[in-house]
Amino acid sequence: MKAVVFDLDGVITDTAKYHFRAWKHLAESIGIHIDEAFNEHLKGIGRMDSLERILKFGGRAPDFSEEEKSRLAEQKNEDYRRLIAAMTPNDILPGIQDFLEELRNAGIKIGLASASKNGPFILKSLQISSYFDTIVDPAKLKKGKPDPEIFSTAAVQLGAEPRECAGIEDAVAGIQSINAAGLFSVGVGVPEDARPDWRVASTLELTWDSLRKHWIE
Ligand code: B16
Ligand code: MG
109 MKAVVFDLDG VITDTAKYHF RAWKHLAESI GIHIDEAFNE HLKGIGRMDS
159 LERILKFGGR APDFSEEEKS RLAEQKNEDY RRLIAAMTPN DILPGIQDFL
209 EELRNAGIKI GLASASKNGP FILKSLQISS YFDTIVDPAK LKKGKPDPEI
259 FSTAAVQLGA EPRECAGIED AVAGIQSINA AGLFSVGVGV PEDARPDWRV
309 ASTLELTWDS LRKHWIE
């Protein structure tokens with residue numbers, strides 16, 4: 109057991125509500141209405157793929173050029189950045205700061221495997237950047253979650269074999285990515301059929317002691 113790799117949105121902090129607000133605003137500007145249920149399908153999915161899903165949902169996929177789509181995604185991101193700029197350590201999900209501290213004290217390496225290009229900015233706002241030994245740059249990946257690439261890359265960057273790492277995710281696509289990469293998978297509030305190796309209902313259940321117990325079982 110050498111390393112733990114964290115997803116960001118839904119595991120470290122809840123950015124989904126800000127993504128939703130910004131996407132809703134953008135979608136409405138082009139006549140598409142999305143609700144919270146639809147937003148579930150955007151969790152863990154990269155920015156351009158999220159936009160594609162929204163356009164397809166609204167039946168407007170053929171109406172925009174690549175250039176226009178980039179502009180729409182940029183517009184959403186500006187809106188989103190305004191919303192997350194106000195985040196503080198109070199926005200860290202319950203138990204996560206203690207868990208990071210325990211991992212560091214146990215000599216376990218810590219990585220971030222988020223689809224978000226705003227990951228480093230968010231860690232900084234939450235004042236927890238110093239816990240992270242590595243952050244995977246999602247811009248350098250060929251494929252997003254559920255492809256295993258992001259978690260495999262995290263293991264490589266941490267100098268560990270996948271089976272020496274655990275990955276923590278709140279999205280089904282994320283669990284699929286962890287399982288395919290061969291890490292021990294931990295699912296936060298994911299459905300049973302997502303098949304995590306260990307399932308917790310809330311981030312409060314994440315402690316180094318309990319993770320270790322489930323991992324070696
Ligand atoms: P950005 P995660 C994902 O974060 C979000 O769940 C997803 O909704 C978002 O579209 C994606 O990051 C990209 O974010 O627009 O900031 O680059 O769950 O992989 O940490
Ligand atoms: Mg997530």
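Numbering (this note's numbering), first residue to last: 109 to 325.
Glycine included, each C-beta is placed from N, C-alpha and C at the ideal position.
Note that the structure is predicted; figures quoted are calculated from it, not measured.
Selection from the options that minimises the alpha carbon distance to residue i
| i | options | result |
| --- | --- | --- |
| Pro-270 | Lys-217, Pro-228 and Ser-224 | Lys-217 |
| Phe-207 | His-322, Glu-325 and Leu-312 | Leu-312 |
| Lys-251 | Asp-241, Ile-276 and Gly-282 | Gly-282 |
| Ala-111 | Ser-293, Leu-234 and Ser-310 | Ser-293 |
| Leu-180 | Arg-129, Leu-159, Thr-196 and Tyr-188 | Leu-159 |
| Lys-164 | Val-264, His-133, His-141 and Lys-151 | His-141 |
| Gln-284 | Trp-306, Asp-255, Cys-273 and Ser-310 | Asp-255 |
| Gly-166 | Asp-115, Leu-291 and Lys-132 | Lys-132 |
| Phe-114 | Glu-325, Glu-300, Asp-317 and Pro-228 | Pro-228 |
| Asp-187 | Tyr-126, Pro-202, Thr-261 and Leu-116 | Tyr-126 |
Inter-residue CB distance, residue i and residue j (contact presumed, cutoff 8 Å)
| i | j | result |
| --- | --- | --- |
| Val-298 | Asp-278 | 6 Å |
| Ala-223 | Gly-154 | 5 Å |
| Asp-241 | Gly-219 | 6 Å |
| Phe-259 | Ala-221 | 5 Å |
| Ile-162 | Ala-135 | 5 Å |
Three-state class that DSSP yields for residue i in the structure shown
| i | result |
| --- | --- |
| Lys-110 | coil |
| Ile-140 | coil |
| Gly-227 | helix |
| Ile-324 | helix |
| Asp-317 | helix |
| Arg-303 | coil |
| Ile-258 | helix |
| Val-264 | helix |
Contained beta strand (DSSP E) runs [length at least 3] in the stretch 266 to 293, N- to C-terminal order: DSSP runs (the beta strand (DSSP E)) wholly in the stretch 266 to 293: 273 to 277.
Across the stretch 184 to 200 and the stretch 232 to 240, are there enough close Cβ pairs to call them in contact, namely three or more that are closer than 8 Å? By the criterion of at least three beta-carbon pairs nearer than 8 Å, the stretch 184 to 200 is in contact with the stretch 232 to 240.
For the stretch 123 to 141 against the stretch 243 to 250, do three or more pairs of beta-carbon atoms, one drawn from each stretch, fall closer than 8 Å, so that the two count as touching? Counting Cβ pairs under 8 Å, fewer than three are found: no touch.
With a floor of 3 residues, list each beta strand (DSSP E) that falls wholly inside the stretch 187 to 229, ordered by position along the chain. Every beta strand (DSSP E) stretch that sits fully inside the stretch 187 to 229 and reaches 3 residues is listed by chain position as 217 to 220.
Write down every uninterrupted run of the alpha helix (DSSP H) in the stretch 132 to 187 whose length is 4 residues or greater and which is fully enclosed by it, in chain order. You should have 144 to 147 and 155 to 165.
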